[in-house]
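As structure tokens, the structure follows; a few thoughts come after it.
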Amino acid sequence: MSIARVRTTPLPGVGVQYDLTTREQRHLSVIAHRDGSRSLNVYRADDPDACSQAFRLTAEESAALVDALTPAHHNPAMLHTTDLGLVAERLPVDGASYWNGRLLGETRMRTETGASIVAVLRRTGAVPSPTPDFRLAGGDTLIVIGTREGVDAAAAILERG
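Each residue of the sequence shown is one higher than the one before, starting from 0 at the first, in numbering that gives the first Met the number 0.
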């Protein structure tokens with residue numbers, strides 16, 4: 000088995016480019032832009048210098064892709080929530096959301112869905128176990144644990160307003 004090697008190239012004024020050649024000799028690259036977004040590029044098999052697919056991902060989309068590629072349930076230190084019939088998800092609060100600036104308790108999320116908000120991720124850091132008087136802000140990400148139905152209902156609460 001060969002060891003995957005990633006070549007890193009600084010791109011002044013843009014960010015950093017990471018290049019990977021797979022064991023099937025396919026060339027992939029990710030450009031980490033300074034604004035937090037990412038560009039994911041897939042190159043042609045017959046010409047590894049010719050890009051065949053390019054995707055521009057927001058910081059949130061990049062985080063979702065990372066979660067999909069390295070799900071937490073593969074980490075032995077993490078609680079295997081799926082074995083218990085539970086799921087954990089990140090639910091964003093958009094800047095234009097009805098909930099932006101409102102108290103967490105006003106969502107009545109736990110009462111209406113049974114799902115628990117175990118943390119809020121904010122640019123300034125994580126807030127574990129937020130209380131009902133915690134004021135939500137655009138850009139927050141709620142870490143919600145519950146049944147699949149409960150987490151879906153919690154997402155629906157955040158989307159309405």
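Beta carbons: idealized from backbone N, C-alpha and C, even for Gly.
Asked: Segment limits, alpha helix (DSSP H) that includes Ser61; Found: 58 to 68
Asked: Spatial neighbours of Ser61 in its chain, beta-carbon cut-off 6 Å, leaving aside the 5 residues before and after; Found: Arg37
Asked: Extent of the continuous beta strand (DSSP E) to which Thr112 belongs; Found: No beta strand (DSSP E) holds Thr112; the alpha helix (DSSP H) holding it covers 108 to 112.
Asked: Cα-Cα separation between Asp132 and Leu102, rounded to whole angstroms; Found: 5 Å
Asked: Where the alpha helix (DSSP H) containing Leu157 begins and where it ends; Found: 147 to 158
Asked: Residue of Ala67, Ala136, Tyr17 minimising C-alpha distance to Pro91; Found: Ala136
Asked: Inter-residue Cα distance where the pair is Arg33 and Val41; Found: 21 Å
Asked: Assigned secondary structure, Leu83 (DSSP; H/G/I helix, E/B strand, else coil); Found: helix
Asked: Segment contact, 8 Å Cβ cut-off, at least three pairs: the segment 109 to 125 with the segment 137 to 149; Found: yes
Asked: Among Ser128, Gly113, Glu158, Leu157, the one whose alpha carbon lies nearest that of Arg147; Found: Gly113
Asked: Presumed contact (8 Å Cβ cut-off) between Thr7 and Val15, rounded CB distance; Found: 6 Å
Asked: CA-to-CA distance, Asn99 to Asp93, given in whole angstroms; Found: 7 Å
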